[in-house]
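Down below is the structure, laid out as structure tokens.
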Amino acid sequence: MASKKVIVVFGATGNQGGSVARAILEDKNICVRVATRDVTKPAAVALQDLGAEVVKCDLNSKEDVNGILKGAYGAFLVTNFWEGYSKEKEVKQVGNGTIDAVTSSLSSVYSVRTLMGRGSGGVFCPIGVPMTSVRLSAYFENFLTLWKPVKASDGDYYNLILPMKDIPLDGISVADIGPAVASIFRSPEEFLGKAVGLSAEALTVQQYADILSKTLGKVVKDSKITPEAYEKLGFPGAKEMADMMRFYHMRPDRDVQLTHKLNPKVKSFSQFVSENKGVFTDL
Ligand SMILES: NC(=O)c1ccc[n+]([C@@H]2O[C@H](COP(=O)([O-])OP(=O)(O)OC[C@H]3O[C@@H](n4cnc5c(N)ncnc54)[C@H](OP(=O)(O)O)[C@@H]3O)[C@@H](O)[C@H]2O)c1
């Protein structure tokens with residue numbers, strides 16, 4: 001029997017990579033090899049239980065990266081800007097060994113954060129690595145945590161505090177990213193050398209607020225905060241988040257139609273909020 005194709009998934013113990021690993025694991029003809037710095041952590045053990053091969057790998061170690069990519073058909077690469085708040089560190093992770101290791105791969109799908117337009121394309125494309133750049137939009141899950149509406153101090157309503165002016169913000173549930181990426185892996189010839197921007201839909205902050213109001217039965221409004229005021233809020237990453245919104249003001253191309261083709265079950269924001277109503281019971 002022919003041996004199975006191996007796809008390596010970086011960041012699989014996290015949101016994005018986890019979604020991708022779980023979606024690819026559904027294809028019993030593929031061996032999913034996941035990278036983690038700690039093979040004993042619950043997320044790693046859960047993936048092993050689902051059939052993944054879990055391998056200790058630190059993206060900062062060239063030896064580790066070369067080892068895990070040996071014999072692989074493809075890889076989904078996630079780097080983590082937020083760990084060091086450093087572009088230089090992140091770019092180093094992209095280039096660290098992955099270049100040597102993947103040049104002989106047949107097909108490779110890479111995703112890096114696209115914040116402020118920096119991506120792995122600049123590292124891989126000039127040397128001819130076959131890759132698809134998967135560009136993401138804001139996770140709907142952010143509305144359950146950092147972007148959860150905040151009680152207004154001057155009335156019986158809640159503020160959605162996002163410095164987007166009136167410009168639509170593309171969004172998607174993390175859970176819907178994996179099936180879309182798995183579709184890309186199934187049709188490499190269609191997507192190699194291209195960038196694919198994933199988005200379930202693009203809404204203004206007031207439209208997000210309206211959906212929250214309708215679904216939760218509370219009044220939620222766009223706070224109309226500016227990026228300049230937002231970055232002064234003082235929490236770790238406030239400046240980076242404001243910069244991310246400035247980047248989104250430029251309307252980076254995300255393809256809602258293609259996303260729905262790649263994952264026909266992709267959820268709208270309205271469906272997402274309905275499914276997660278329980279998280280808002282403290283409003
Ligand atoms: N929030 C959003 O709306 C949004 C949207 C698009 C893109 N993004 C960006 O996408 C990226 C990934 O996001 P996420 O939500 O999936 O992050 P996450 O849940 O925090 O997961 C981070 C993953 O990176 C792995 N990792 C970190 N440093 C590593 C290293 N040195 N070597 C190997 N693995 C390492 C971690 O694995 P171990 O700890 O197991 O080693 C973990 O699996 C971030 O840069 C994020 O900013 C976020």
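All residue numbers for the sequence shown refer to UniProt numbering, where the first residue is 1 and numbers rise by one. We treat Cβ as the ideally placed atom computed from N, Cα and C, and that holds for glycine.
Check: Using a 10 Å radius around the Cβ and a threshold of 16 neighbouring Cβ atoms, would you call arginine 251 buried or exposed?; Outcome: exposed
Check: Contact check, valine 196 vs leucine 258 under 8 Å by CB: the rounded distance?; Outcome: 7 Å
Check: Using only CA atoms, which one of Leu144, Leu136, Glu26 lies nearest to aspartate 282?; Outcome: Leu144
Check: Does the Cβ of leucine 50 lie closer than 8 Å to at least one heavy atom of ligand 1?; Outcome: no
Check: Between which two residues does the beta strand (DSSP E) harbouring arginine 254 extend?; Outcome: First-last for arginine 254: undefined, no H or E at that position.
Check: For a test of your reading of the model: does the CB of arginine 246 fall under 8 Å from any non-hydrogen atom of ligand 1? Yes or no.; Outcome: no
Check: Grab the span of the beta strand (DSSP E) containing glycine 155 for me, first residue to last.; Outcome: Element bounds for glycine 155: n/a, residue is neither H nor E.
Check: Is threonine 226 helix, strand or coil when you go by DSSP?; Outcome: coil
Check: Does the contact criterion of 3 or more C-beta pairs under 8 Å hold for the segment 194 to 213 versus the segment 22 to 37?; Outcome: no
Check: Give the range of the alpha helix (DSSP H) segment to which arginine 186 is assigned.; Outcome: 177 to 186
Check: Tell me whether the beta-carbon of phenylalanine 140 lies closer than 9 Å to the beta-carbon of valine 181.; Outcome: no
Check: Who are glutamate 53's beta bridge partners in DSSP?; Outcome: Arg33
Check: Quick one: give me the first and last residue of the beta strand (DSSP E) that lysine 62 is part of.; Outcome: Per DSSP, lysine 62 belongs to no beta strand (DSSP E); it is in the alpha helix (DSSP H), 62 to 69.
Check: Give the straight-line distance between the Cα atoms of proline 188 and asparagine 276, rounded to the nearest whole angstrom.; Outcome: 34 Å
Check: Any chance the segment 236 to 243 sits against the segment 202 to 212, with 3 or more Cβ pairs inside 8 Å?; Outcome: no
Check: Compute the minimum distance between the beta carbon of tyrosine 208 and the heavy atoms of ligand 1, and state whether it is under 8 Å.; Outcome: no
Check: Which of helix, strand or coil does DSSP assign to glutamate 201?; Outcome: strand
Check: Are there any heavy atoms of ligand 1 lying less than 8 Å away from the beta-carbon of alanine 75, as far as the coordinates show?; Outcome: no
Check: Figure out for me which residue from Leu50, Lys56, Leu47, Asp27 has the closest Cα to the Cα of aspartate 38.; Outcome: Lys56
Check: By how many angstroms is the C-alpha of alanine 75 removed from the C-alpha of valine 256?; Outcome: 24 Å
Check: Could you pull the start and end residues of the beta strand (DSSP E) that isoleucine 172 belongs to?; Outcome: 169 to 172
Check: Please go through the same chain and pick out, in chain order, the residues whose beta-carbon is closer than 6 Å to the beta-carbon of isoleucine 167, but skip the five residues on each side of it.; Outcome: His249
Check: Under a Cβ-count criterion, where at least 16 other Cβ atoms within 10 Å of its own Cβ denotes burial, should valine 6 be classed as buried or exposed?; Outcome: buried
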